[in-house]
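*Asks:*
In UniProt numbering, the protein residues as written are 1 to 136.
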């Protein structure tokens, strides 16, 4: 399961909360209140306790972005990835795994283009490497 799939699921969850499609009050202390501020505050507190090195402005910006970018999956994914990179860089971890999907896609595309070029020049590929595209 890649970052794109996780970003899509998260974006959908935030859009449900933002659009008011979650009709059950999530805050037991204030049952008549709007769910969005409660979810924003809950996520911010969760992130602050999990990552105390983050500044309040960073957390606020991230949480605001989760709700404002939830209809644009590529932008949402970039927002999520940027936040994950901030966390991993602080911890001194490798961030290359966050770009794995894009690298795999570009490699796949490069291999397809290389194969097309090879197929266009007679004799480069062995006969057994060429598909049965010939019709008799």
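Using N, Cα and C, we set each Cβ at its ideal position, and we do this for glycine too.
Pick helix, strand or coil for residue 47, following the three-state DSSP scheme.
*Replies:* helix
*Asks:* DSSP state of residue 30, grouped into three classes?
*Replies:* coil
*Asks:* Let's test the definition: count the other Cβ atoms within 10 Å of the Cβ of residue 17 and tell me whether it reaches 16, buried, or not, exposed.
*Replies:* Counting other Cβ atoms within 10 Å of its Cβ, residue 17 reaches 16 or more and is therefore classed as buried.
*Asks:* In or out: residue 128 buried (at least 16 other Cβ within 10 Å) or exposed?
*Replies:* With fewer than 16 other beta carbons inside 10 angstroms of its own, residue 128 counts as exposed.
*Asks:* Here's the rule: buried if 16 or more other CB atoms are within 10 angstroms of the residue's CB, otherwise exposed. What is residue 35?
*Replies:* When all chains shown are included, residue 35 counts as buried.
*Asks:* For my contact list, residue 31 and residue 25 are in at a C-beta cut-off of 8 angstroms; report their separation, rounded to the angstrom.
*Replies:* 4 angstroms
*Asks:* Smallest Cα separation from residue 74: which of 59, 89, 87, 101?
*Replies:* 101
*Asks:* Could you check whether the Cβ of residue 119 sits closer than 8 angstroms to any Cβ belonging to chain C?
*Replies:* Of the protein chains in the structure, only one exists, and it is not chain C.
*Asks:* So, are the CB atoms of residue 63 and residue 48 less than 8 angstroms apart?
*Replies:* no
*Asks:* For my contact list, residue 3 and residue 88 are in at a C-beta cut-off of 8 angstroms; report their separation, rounded to the angstrom.
*Replies:* That belief does not hold up - the Cβ atoms of residue 3 and residue 88 are roughly 13 angstroms apart, past 8 angstroms.
*Asks:* Check this for me: beta carbons of residue 53 and residue 65, under 8 angstroms apart or not?
*Replies:* The answer is no: Cβ separation not under 8 angstroms.
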